[in-house]
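Chains as they are written, first to last, in the working numbering: chain Z, 1 to 420; chain R, 1 to 420. Backbone N, C-alpha and C define an ideal beta-carbon position, used for all residues, glycine too. Right, one structure below, let's go through it.
Number of protein chains: 2
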Amino acid sequence: MTENAVPESGDRIRITDRHGRTFEGIMMPHHAFSREEIVVLKMDNGYNIGVVPESVELLSRAEEMTKRSDVPLNPGPDRDSPTVSIISTGGTIASFVDYKTGAVHPAMTAEDIVRAVPELASRFNLRTQAPFSILSENMSPEYWVRLAEIIASELNDGASGVIVPHGTDTMAYTAAALSFLLPELSGPVVLVGSQRSSDRPSSDAVMNLLAAARVTQTDLGEVVICMHKTSSDTVVAVHRGTRARKMHTSRRDAFKSINSPLIAEVEGETVRFLSDYRKRIDGHIEINGPLEQNVRLIYSYPGLTADVFSAMLGDAKGVVIAGTGLGHVSSVLLDELRRLRDEGVAVVMTSQCLNGCVNMNVYSTGRQILKAGVIPAGDMLPETAYVKLMWALGRTSDIQEVEGIMRTSVAGEISNRRVE
Amino acid sequence: MTENAVPESGDRIRITDRHGRTFEGIMMPHHAFSREEIVVLKMDNGYNIGVVPESVELLSRAEEMTKRSDVPLNPGPDRDSPTVSIISTGGTIASFVDYKTGAVHPAMTAEDIVRAVPELASRFNLRTQAPFSILSENMSPEYWVRLAEIIASELNDGASGVIVPHGTDTMAYTAAALSFLLPELSGPVVLVGSQRSSDRPSSDAVMNLLAAARVTQTDLGEVVICMHKTSSDTVVAVHRGTRARKMHTSRRDAFKSINSPLIAEVEGETVRFLSDYRKRIDGHIEINGPLEQNVRLIYSYPGLTADVFSAMLGDAKGVVIAGTGLGHVSSVLLDELRRLRDEGVAVVMTSQCLNGCVNMNVYSTGRQILKAGVIPAGDMLPETAYVKLMWALGRTSDIQEVEGIMRTSVAGEISNRRVE
Numbered sequence: 001m002t003e004n005a006v007p008e009s010g011d012r013i014r015i016t017d018r019h020g021r022t023f024e025g026i027m028m029p030h031h032a033f034s035r036e037e038i039v040v041l042k043m044d045n046g047y048n049i050g051v052v053p054e055s056v057e058l059l060s061r062a063e064e065m066t067k068r069s070d071v072p073l074n075p076g077p078d079r080d081s082p083t084v085s086i087i088s089t090g091g092t093i094a095s096f097v098d099y100k101t102g103a104v105h106p107a108m109t110a111e112d113i114v115r116a117v118p119e120l121a122s123r124f125n126l127r128t129q130a131p132f133s134i135l136s137e138n139m140s141p142e143y144w145v146r147l148a149e150i151i152a153s154e155l156n157d158g159a160s161g162v163i164v165p166h167g168t169d170t171m172a173y174t175a176a177a178l179s180f181l182l183p184e185l186s187g188p189v190v191l192v193g194s195q196r197s198s199d200r201p202s203s204d205a206v207m208n209l210l211a212a213a214r215v216t217q218t219d220l221g222e223v224v225i226c227m228h229k230t231s232s233d234t235v236v237a238v239h240r241g242t243r244a245r246k247m248h249t250s251r252r253d254a255f256k257s258i259n260s261p262l263i264a265e266v267e268g269e270t271v272r273f274l275s276d277y278r279k280r281i282d283g284h285i286e287i288n289g290p291l292e293q294n295v296r297l298i299y300s301y302p303g304l305t306a307d308v309f310s311a312m313l314g315d316a317k318g319v320v321i322a323g324t325g326l327g328h329v330s331s332v333l334l335d336e337l338r339r340l341r342d343e344g345v346a347v348v349m350t351s352q353c354l355n356g357c358v359n360m361n362v363y364s365t366g367r368q369i370l371k372a373g374v375i376p377a378g379d380m381l382p383e384t385a386y387v388k389l390m391w392a393l394g395r396t397s398d399i400q401e402v403e404g405i406m407r408t409s410v411a412g413e414i415s416n417r418r419v420e
Numbered sequence: 001m002t003e004n005a006v007p008e009s010g011d012r013i014r015i016t017d018r019h020g021r022t023f024e025g026i027m028m029p030h031h032a033f034s035r036e037e038i039v040v041l042k043m044d045n046g047y048n049i050g051v052v053p054e055s056v057e058l059l060s061r062a063e064e065m066t067k068r069s070d071v072p073l074n075p076g077p078d079r080d081s082p083t084v085s086i087i088s089t090g091g092t093i094a095s096f097v098d099y100k101t102g103a104v105h106p107a108m109t110a111e112d113i114v115r116a117v118p119e120l121a122s123r124f125n126l127r128t129q130a131p132f133s134i135l136s137e138n139m140s141p142e143y144w145v146r147l148a149e150i151i152a153s154e155l156n157d158g159a160s161g162v163i164v165p166h167g168t169d170t171m172a173y174t175a176a177a178l179s180f181l182l183p184e185l186s187g188p189v190v191l192v193g194s195q196r197s198s199d200r201p202s203s204d205a206v207m208n209l210l211a212a213a214r215v216t217q218t219d220l221g222e223v224v225i226c227m228h229k230t231s232s233d234t235v236v237a238v239h240r241g242t243r244a245r246k247m248h249t250s251r252r253d254a255f256k257s258i259n260s261p262l263i264a265e266v267e268g269e270t271v272r273f274l275s276d277y278r279k280r281i282d283g284h285i286e287i288n289g290p291l292e293q294n295v296r297l298i299y300s301y302p303g304l305t306a307d308v309f310s311a312m313l314g315d316a317k318g319v320v321i322a323g324t325g326l327g328h329v330s331s332v333l334l335d336e337l338r339r340l341r342d343e344g345v346a347v348v349m350t351s352q353c354l355n356g357c358v359n360m361n362v363y364s365t366g367r368q369i370l371k372a373g374v375i376p377a378g379d380m381l382p383e384t385a386y387v388k389l390m391w392a393l394g395r396t397s398d399i400q401e402v403e404g405i406m407r408t409s410v411a412g413e414i415s416n417r418r419v420e
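Okay, here's the thing in structure tokens:
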């Protein structure tokens, strides 16, 4: 074979194995879990198989079969169909199989997503953009603010709802940030991801996207996350943006609402609301920023000394501690906690247990920590408290006011209206 | 009333409320969750009630009723009964109600625990000691080593098993540390705690302790945690010490085994084994120490910059990162990760999802992190990996050897024998 004839993902090939058996189909990208010598083939019946080839024959190039632009972006809903914005940020969900060629395009735009899920385009007038395409582990607070601006502008410009395809690693952090930055919404903002890239038959991408689209057509006025509720393809869960946490590295039902019921679940065409939610408002919405970025999130652990804790904080304006149990840290940190409060640094206490509520009135250590000026965060997730503290410090540097904000529910992030 | 006549916890009192109703019983300590004016009374039927008193009459002092030393420490099992050591470290479980007086003694010794649960003393020849009595949030690696020494000495001195009453906040960290420090055991080492102090009818202390005692009489040769399996008083779960995590701030079934089945469950007299476990050995056991304490545990989050990460590490010999998803951090940290490996600092990757396994071969960020020399920790909990890294660095400073140790299962802390 010449260099040019080496088959690539998406090409139609014929493989002969060492037993002389032949297999024909679309060559898939090499899978990270597979042994190196294995070639994965999407056969005409739709199933993928892995074969160790003795020889490989190139039958036709992907490009020769279907030009991707042959698929119309918008096959044409009528003019009265609702407008939905898709603002793609990257991540696994943006790695889509082109159904015609079987090829995976890893850095897809929002338009590519639409092409891959024709049902979206047939139902909605879609507006798409991909302001950045990054793996979600590279998300940062600057992106959150930019995303909030784009979402506000889309909603103010007539979109009935916004879908944000996003990598799952930090999706919950982004959802929490958007919840605080956009306290009032004129339409649902739905973050959606997938845990399996679309070259695997078990991909959850399409189902989550269609569920997200359905949620955009409700009267919800919150930032939510749409992901598989179970490991089977039946129901999609709708999590409040301030309450979701990725609780598994790989399962399709990795996301769980912590200390809070689901807002809704989507089964087929039906969106079933399961708990109270904020309704969308009419009219213009605005961003409630900015974010103070000089904030830390620190999980405490036995052996964490005052010196190390102090070095971790540096010149931070605020810190969220994920303490042990009901909200404790070792007594060796007490002096440092007092010093921080004296210097106007906001210190917020959450629990590394994740489930349940901090209560620093039960044990003597907790009472001493409270006395040192540490702000209890109720049953807020550590990650949500981190984002919220950035937001609170973006509004005021008065420590009393910060405490008032942190103790009061802004976007459903704590169960009681106020932490006492 | 004179100063001397003010009733105290444990005294027998009669309360009259504003409706003229009277209530007689043992005065209980004020509960932190209760309103200040409420007095809690343990009535003769065993139930506690809260009353707002109009007047209070002191009937008799606790001391006048029962001298605590009247309860014999050891009502006398026969000489052939098994010997069990109770090494108390403090915590909620060590805050026991004296059944006769109803008074709570917050800083109990192991002997007090035995007096409070007479069944223990009637079945076993008990050896008790309380080398330290601290709230578990104040636990530190020095205590882990000291505790391991005492346990080894007790087992070598003929105890058939060891019970370690321990506060729940950091119980899982201690259990993991003991698992590595005591790789071979001649009897079960059972950490046990309670989530509710014993002045509450819902206390889980006695049931967990009795279950722990039953586990000491099996052929188990591991460090385990015995805590309620459900929120009802039916079954106690036996968790592997390297796999347990406190997953709720207050529920009695707060402890869960993560990425691993329970070793056993205890129902009444029965210990039902549910999965494979290491058996106790015959003969002398030794501590496999020491621990290198200059190690950090850092949860990564969006906005964590290279400068802050570097400051958090300081001069640490090792760090465990709880990354996002399959084991990722932002690409902005890559240079710092490479520098650390070059300088011989061990960097270990776990996932803040807690459930599931890191896999850094799937995405480009993961592959770059692996290439930077970061050690993947499989499905090990971040907290267990932190303790194990201390232990690995206590054995060798050769980074290749540390990597070999971290990737190999020592005490059931990873599911595969080796992380590849």
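Interface flag, residue i vs chain Z, CB-CB below 8 angstroms
| i | result |
| --- | --- |
| valine 358/R | yes |
| histidine 248/R | yes |
| threonine 168/R | yes |
| alanine 254/R | yes |
Proximity test, Cβ basis, 8 angstroms: residue i and chain R
| i | result |
| --- | --- |
| aspartate 335/Z | no |
| histidine 328/Z | yes |
| arginine 339/Z | no |
| glutamate 292/Z | no |
| arginine 196/Z | no |
| cysteine 226/Z | no |
| valine 308/Z | yes |
C-beta contact flag for residue i and residue j at 8 angstroms
| i | j | result |
| --- | --- | --- |
| isoleucine 225/Z | methionine 171/Z | yes |
| glycine 289/R | leucine 120/R | no |
| lysine 229/R | glutamate 269/R | no |
| alanine 377/R | valine 402/R | no |
| valine 319/Z | valine 347/Z | yes |
| aspartate 379/Z | glycine 356/Z | yes |
| methionine 312/R | methionine 312/Z | yes |
| glycine 325/Z | lysine 42/R | no |
| isoleucine 26/R | leucine 58/R | no |
| leucine 147/Z | glycine 90/Z | no |
Distance cut-off 7 angstroms: residue i Cβ against heavy atoms of the ligand FAD
| i | result |
| --- | --- |
| isoleucine 414/R | This structure lacks the ligand FAD, and indeed carries no ligand of any kind. |
Residue i versus residue j - alpha carbon distance
| i | j | result |
| --- | --- | --- |
| serine 69/Z | arginine 115/Z | For serine 69/Z, the predicted model reports a pLDDT of 38, less than 50, meaning its position is unreliable and no value from the coordinates is stated. |
| histidine 371/R | arginine 338/R | The residue you asked about is not histidine; residue 371/R is lysine in the sequence shown. Cα to Cα, the separation comes out at about 8 angstroms. |
| aspartate 80/Z | arginine 123/Z | 10 angstroms |
| aspartate 363/R | glutamate 343/Z | Residue identity differs from the one stated: residue 363/R is tyrosine in this sequence, not aspartate. The straight-line gap from Cα to Cα measures roughly 42 angstroms. |
| serine 133/R | valine 164/R | 12 angstroms |
| serine 194/R | serine 88/R | 13 angstroms |
| isoleucine 281/R | arginine 243/R | 22 angstroms |
| leucine 291/Z | proline 183/Z | 14 angstroms |
| valine 145/Z | serine 330/R | 18 angstroms |
| glutamate 137/Z | alanine 110/Z | 19 angstroms |
| valine 6/Z | leucine 340/R | 40 angstroms |
| alanine 205/Z | threonine 168/R | 40 angstroms |
| aspartate 432/R | glycine 327/R | The structure shown does not extend to residue 432/R, since chain R spans only 1 to 420, so no value can be given for it. |
| aspartate 11/R | aspartate 44/R | 13 angstroms |
Contacts around residue i, its chain only, beta-carbon distance under 8 angstroms, and the 5 residues preceding and following it disregarded
| i | result |
| --- | --- |
| glutamate 222/R | Ser179, Leu185, Pro188, Val189, Arg240, Gly241, Ile263, Tyr277, Arg278, Ala411, Gly412 |
Close Cβ partners of residue i (< 6 angstroms) along its chain, the five nearest in sequence each way excluded
| i | result |
| --- | --- |
| glycine 161/Z | Val84, Gly187, Pro188, Thr216 |
| isoleucine 369/R | Met360 |
| methionine 207/Z | Asp233 |
Opposing strand residues paired with residue i [DSSP bridges]
| i | result |
| --- | --- |
| methionine 27/Z | Leu41/Z |
| arginine 243/R | DSSP lists no partner for arginine 243/R. |
| lysine 256/R | Arg245/R |
| arginine 21/Z | Arginine 21/Z is not bridged to any residue. |
Cβ-based neighbour list, residue i, same chain, cut-off 7 angstroms, excluding 5 preceding and 5 following
| i | result |
| --- | --- |
| alanine 159/Z | Thr83, Val84, Ser85, Arg127, Gly187 |
| tyrosine 299/Z | Ala322, Gln352 |
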